[in-house]
Amino acid sequence: MFPNCVLLLKLPDLEKLLRHVTEEKEIDKKKYYKYSKEKTIKWLEKKVHQTVSALKTNNINVSARVQANAFFFGDQVSSDREEDYIRYAHGLISDYIPKELSDDLAKYLKLPETSVSLPNPPSKKVKLSDEPVEAKEDYTKFNRKDLKTEK
1 MFPNCVLLLK LPDLEKLLRH VTEEKEIDKK KYYKYSKEKT IKWLEKKVHQ TVSALKTNNI
61 NVSARVQANA FFFGDQVSSD REEDYIRYAH GLISDYIPKE LSDDLAKYLK LPETSVSLPN
121 PPSKKVKLSD EPVEAKEDYT KFNRKDLKTE K
């Protein structure tokens with residue numbers, strides 16, 4: 001079914017790593033592992049907090065105001081809230097996990113849902129009919145080389 005699963009067995013410290021995301025049972029001296037969503041969410045929460053710590057240590061500005069702050073010079077007082085750091089770290093980690101797991105992690109972290117902004121209005125005029133558009137004025141009279149001398 002999954003022929004490349006045997007490659008996982010070659011990973012160093014596999015048993016230590018599997019404990020973060022699986023339930024383990026030993027039957028007749030054989031170990032069996034079953035995926036645990038709860039353990040995975042708790043492990044990912046630790047990773048989010050480690051990422052938050054790294055962001056703070058490196059003075060990374062993660063607030064929504066980061067783009068506006070980039071244009072000001074001098075000493076800036078960081079006004080980033082803890083929620084901003086957690087949301088940003090969650091976003092970084094979510095790039096590497098399935099959407100469903102990301103959504104579950106956001107709920108576990110008690111992140112409020114982001115407000116969905118309305119889509120931008122169409123930039124082009126809406127075509128009202130299928131008839132070809134005709135020019136109302138003739139602009140071909142301006143296509144002469146001696147236009148500058150006629151002024």
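Quick note on numbering: the sequence shown equals residues 1 to 151 in full-length UniProt numbering. The beta-carbon is built from N, C-alpha and C at its ideal position, and this holds for glycine as well. Here the structure is a predicted model, which means the values were calculated and not measured.
Exercise. Looking at C-alpha atoms only, which residue of PRO3, GLU38 and ALA106 is the closest neighbour of ARG19?
Worked result: That would be GLU38, whose Cα lies nearest to the Cα of ARG19.
For this session: Over the uninterrupted alpha helix (DSSP H) stretch that includes TYR108, give me the two end residues.
Result: DSSP places TYR108 inside the alpha helix (DSSP H), whose first and last residues are 99-108.
Exercise. Mapping DSSP to helix, strand and coil, what is GLU134?
Worked result: DSSP, read as helix, strand or coil, puts GLU134 in coil.
Exercise. Near LEU44, which residues of its chain fall below 6 angstroms by C-beta distance, leaving aside the five closest residues on each side in sequence?
Worked result: LEU105.
Exercise. Between VAL21 and SER36, is the Cβ-Cβ spacing less than 8 angstroms?
Worked result: For VAL21 and SER36, yes; Cβs fall inside 8 angstroms.
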